[in-house]
């Protein structure tokens with residue numbers, strides 16, 4: 095027995111003896127015309143006896159296991175339910191309630207990590223990163239996506255970042271563009287460009303001051319949907335960047351003709367085997383330039399990496415070698431000092 099339980103989730107009820115979890119996940123991952131689908135599975139056994147859950151409870155537990163499988167991008171595709179997942183579910187609910195309150199009270203705010211021109215060292219922009227008290231974004235951003243709160247979160251961070259830009263302009267400071275990250279669910283909102291334009295209009299800001307970053311994970315979406323979404327943003331005057339490039343399996347050829355202005359090379363490429371990493375990064379920089387796009391290298395941590403990236407032709411550099419993410423007051427100080435270049 096099989097059926098859809100919501101969105102992109104489906105349930106299969108079968109005798110345990112007939113259900114080979116790994117084989118089923120592999121079979122489901124094979125799409126039409128040789129395409130591959132990113133399939134994740136969560137399983138739970140049900141049956142008679144006081145210790146075994148009934149069908150309804152088993153389904154809920156299988157969904158918890160599915161959430162665990164989906165939360166680990168490089169982890170196993172199939173997760174079997176364990177009691178610890180119930181405890182995690184309670185923590186998850188507490189976290190969501192806390193996030194909702196944080197957005198309402200502005201406890202969730204942007205931090206600005208500077209981006210510098212290479213080789214001049216001139217301040218060229220900043221990435222607005224979501225920050226909420228003690229937990230890092232890796233702890234709560236995936237929860238937002240799963241709970242359907244990512245669009246509200248993303249627009250919240252954009253709004254606060256634009257408030258900062260307006261205040262800095264009013265203080266006669268030399269501002270630079272600020273980039274904001276968009277989750278896949280945010281990106282697919284057909285009214286996203288209009289919502290962003292409204293936020294800019296309310297603050298009397300031009301679109302050129304807001305750049306938008308889309309994770310490489312977005313390239314797993316339907317190609318037509320993705321292209322239309324990016325074209326809407328570009329048509330509204332926004333610069334679009336592919337973030338974290340190198341963390342998924344997207345090839346540079348997939349970017350050819352894509353409505354993208356900037357490619358941000360992930361820090362993991364710099365930390366790879368020195369010889370192999372240098373070859374990959376060098377080739378990536380050349381190919382991105384051939385596509386007419388700008389290259390930003392993220393996660394630059396030491397001077398040797400910076401020298402290599404300069405020699406490779408990277409346009410912009412970002413990382414702790416230059417500056418950690420700064421709160422609004424500290425970044426304002428950087429602007430007052432002329433960018434620190």
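Numbering (the numbering used here), first residue to last: 95 to 435. For each residue, glycine too, the CB sits at the ideal point set by N, CA and C.
Cβ pair residue i, residue j closer than 9 angstroms
i, j, result
"residue 217", "residue 204", "no"
"residue 45", "residue 202", "The shown model of the chain, from 95 to 435, leaves out residue 45, and the question about it has no answer."
"residue 333", "residue 253", "no"
"residue 213", "residue 429", "no"
"residue 278", "residue 330", "no"
"residue 206", "residue 220", "yes"
"residue 299", "residue 243", "no"
"residue 105", "residue 153", "yes"
"residue 270", "residue 433", "yes"
"residue 286", "residue 326", "yes"
"residue 341", "residue 384", "no"
"residue 382", "residue 346", "yes"
"residue 335", "residue 290", "no"
Range of the contiguous alpha helix (DSSP H) that encloses residue i
i, result
"residue 362", "361-364"
"residue 402", "397-406"
"residue 209", "From DSSP, residue 209 is part of no alpha helix (DSSP H) but of the beta strand (DSSP E) over 202-211."
"residue 252", "244-264"
"residue 321", "317-329"
"residue 425", "422-430"
Alpha-carbon spacing of residue i relative to residue j, whole angstroms
i, j, result
"residue 144", "residue 250", "Model confidence at residue 144 stands at a pLDDT of 45, short of 50, so the residue's coordinates are unreliable and nothing is read from them."
"residue 308", "residue 266", "31 angstroms"
"residue 358", "residue 315", "19 angstroms"
"residue 82", "residue 181", "One cannot answer for residue 82 here, as it falls past the ends of the chain, which runs 95 to 435."
"residue 436", "residue 200", "The structure shown has nothing for residue 436, since the chain only spans 95 to 435."
"residue 386", "residue 178", "49 angstroms"
"residue 322", "residue 288", "14 angstroms"
"residue 247", "residue 261", "21 angstroms"
"residue 411", "residue 392", "6 angstroms"
"residue 234", "residue 280", "16 angstroms"
"residue 284", "residue 372", "39 angstroms"
"residue 100", "residue 107", "16 angstroms"
"residue 354", "residue 134", "29 angstroms"
"residue 292", "residue 328", "16 angstroms"
"residue 257", "residue 275", "17 angstroms"
"residue 303", "residue 123", "41 angstroms"
"residue 114", "residue 352", "39 angstroms"
"residue 403", "residue 420", "24 angstroms"
"residue 324", "residue 148", "45 angstroms"
"residue 163", "residue 119", "12 angstroms"
"residue 349", "residue 339", "11 angstroms"
Endpoints, beta strand (DSSP E) assigned at residue i
i, result
"residue 307", "304-309"
"residue 221", "217-226"
"residue 37", "The displayed coordinates of the chain run from 95 to 435. Any statement about residue 37 would go beyond what the structure contains."
"residue 97", "96-100"
"residue 282", "Here residue 282 belongs to no beta strand (DSSP E), and DSSP marks it neither H nor E."
"residue 173", "172-174"
"residue 388", "388-391"
"residue 103", "103-106"
"residue 334", "333-339"
"residue 272", "272-276"
Residue closest to residue i, alpha-carbon to alpha-carbon, out of the options
i, options, result
"residue 390", "384, 379 and 398", "379"
"residue 337", "223, 283, 287 and 244", "223"
"residue 151", "431, 164, 175 and 134", "175"
"residue 361", "259, 374, 383 and 119", "374"
"residue 103", "306, 132, 271 and 210", "132"
"residue 210", "424, 414 and 422", "414"
"residue 395", "134, 409, 417 and 226", "417"
"residue 425", "149, 183, 381 and 255", "255"
"residue 356", "397, 264 and 409", "409"
"residue 438", "422, 376 and 339", "Any property of residue 438 remains undetermined from this structure, which presents the chain solely from 95 to 435."
"residue 364", "282, 190 and 399", "399"
"residue 319", "348, 282, 301 and 187", "282"
"residue 401", "187, 215 and 294", "215"
| Cβ contact check for the segment 148-165 and the segment 131-138: 3 or more pairs under 8 angstroms | yes
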